[in-house]
Amino acid sequence: NDTADRMNTSLLFRNDTVVITNTSLCFRNSTVDATNTSHSILTIENFSDSYAGDYICTYTAANGDTNKTTISLTALTEIKMGGTYSFGNQSATLMCSLVLRSGIQATFQEWLRDNISLSQLTDRDRFQQYDNGTLLIKRPTRRDGGLYIARYNVTMKYGPYYDCEVVYKAAPLVLDMEKSKSLIEGENLNISCIVKGYPPPTVKWFKDGLELKDGGRIHLAKHNGIENASLSVQTVEDSDGGKYVCNATDEDGQNSYKSITVRIKDRLDWLWPVIGIICEAIVLSLVV
């Protein structure tokens, strides 16, 4: 509230000097009324080595009590190498090393995949880690695709480690699905395609060459973590029959697809054989 803003003050220091805002630095105070909690926020745009140092936020309450907290910022350069899965490769190599300003040391700690330590995986023997931040993946498979993190211990006054992100890509692959499917008019059509690949590819559905959009009787949903990998058509009609294609495309333009043929039967299809049998019986009885 206004009273709290007048009585409580916050100052931000960088290397013992009060921070003065400019085009790259923005420092502001705010108060959350529900909890009467004051927030001091510093925004640094286009961070560079010139902004490195210890930042101290000092808060003085109305009764004169002072509290402070320190955040240490440093500039660094990542030297990293990702990779792309290719069928038949015997190994894959990922790498990330750090270049920091003088006086700060970084020691490699471990590699993680999707925030899970590689040492905890059941097939951890396939992953060989080196102290220089290099990771060797033996006999890589498509499921090895993902976000890998090289974690470093950093000898800074504040902040214990730094995570360097490296992507191991895997082109999309749509697994085989049913070749065909038959439904009776009025039933619901449900098709899902299982898609592999990283980063998660973009999935689109086509019917007889025309893209299907979510809306009306058509609903697209997430399946196994992939957006739009599940297709449903409510209360199918005769016109819903045709060739359906699930197409997955990644950010590099690589794609994979599989198709299924859907046949729609008339509700009265079962009746025609019965009528035929009855007609045959009538003809035979007349002949006899």
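Residues 1051 to 1338 in the working numbering are what the sequence shown spells out, letter by letter.
Every residue gets a Cβ at the ideal spot worked out from N, C-alpha and C, and that includes glycine.
Query: Spatially closest choice to G1265 from Q1284, I1199, T1116, R1189, by CA coordinates; Result: Q1284
Query: Length at least 3, wholly inside the region 1144-1215: the beta strand (DSSP E) runs in chain order; Result: 1156-1163, 1177-1179, 1184-1188, 1196-1204
Query: Inter-residue spacing [alpha-carbon to alpha-carbon] between S1136 and D1302; Result: 14 angstroms
Query: Top-ranked residue by Cα proximity to L1168, from L1185, Q1140, E1330; Result: L1185
Query: Neighbour-count burial assignment, N1096, 16 or more Cβ in a 10 Å radius; Result: exposed
Query: Burial state of K1246 (16 or more Cβ within 10 Å); Result: buried
Query: Buried versus exposed call for P1222 [16 or more other C-beta atoms within 10 Å across all chains shown]; Result: buried
Query: Identified DSSP bridge partners for V1295; Result: F1256, S1309
Query: Backbone CA spacing between T1093 and K1229 [nearest angstrom]; Result: 56 angstroms
Query: Reduced DSSP secondary structure (H/G/I, E/B, other) of G1138; Result: coil
Query: Cβ shell of D1258 (< 8 angstroms), same chain only, five flanking positions each side left out; Result: G1292, K1293
Query: Assumed close pair K1219, G1195 - CB separation to whole angstroms, cut-off 8 angstroms; Result: 6 angstroms
Query: G1326 in three-state terms, based on DSSP; Result: helix
Query: Distance, A1111 Cα to T1053 Cα; Result: Residue placement at T1053 is flagged as unreliable, the pLDDT there being 34, under the threshold of 50; the coordinate-derived value follows with that caveat. One C-alpha to the other measures close to 12 angstroms.
Query: Stretch-stretch touch, CB-based, cutoff 8 angstroms, three pairs: the region 1143-1152 with the region 1119-1130; Result: yes
Query: Outcome for Q1159 when other beta-carbon atoms lying within 10 angstroms are tallied against a minimum of 16; Result: buried
Query: Backbone CA spacing between M1131 and N1117 [nearest angstrom]; Result: 43 angstroms
Query: I1199 classed as buried or exposed, judged by whether at least 16 other C-beta atoms fall within 10 angstroms; Result: buried
Query: Rounded separation between S1242 and V1333 - CA only; Result: 49 angstroms
Query: Supposed contact pair T1119 and I1133 - C-beta distance, whole angstroms, cut 8 angstroms; Result: It is Gly, not Ile, that sits at residue 1133 in the sequence shown. In fact, because the Cβ distance is near 40 angstroms, the residues do not count as touching under 8 angstroms.
Query: Alpha-carbon spacing of E1235 relative to F1256, whole angstroms; Result: 20 angstroms
Query: R1317 versus I1268: straight-line alpha-carbon distance, rounded; Result: 21 angstroms
Query: For Q1179 and I1091, the rounded distance between their alpha carbons; Result: 39 angstroms
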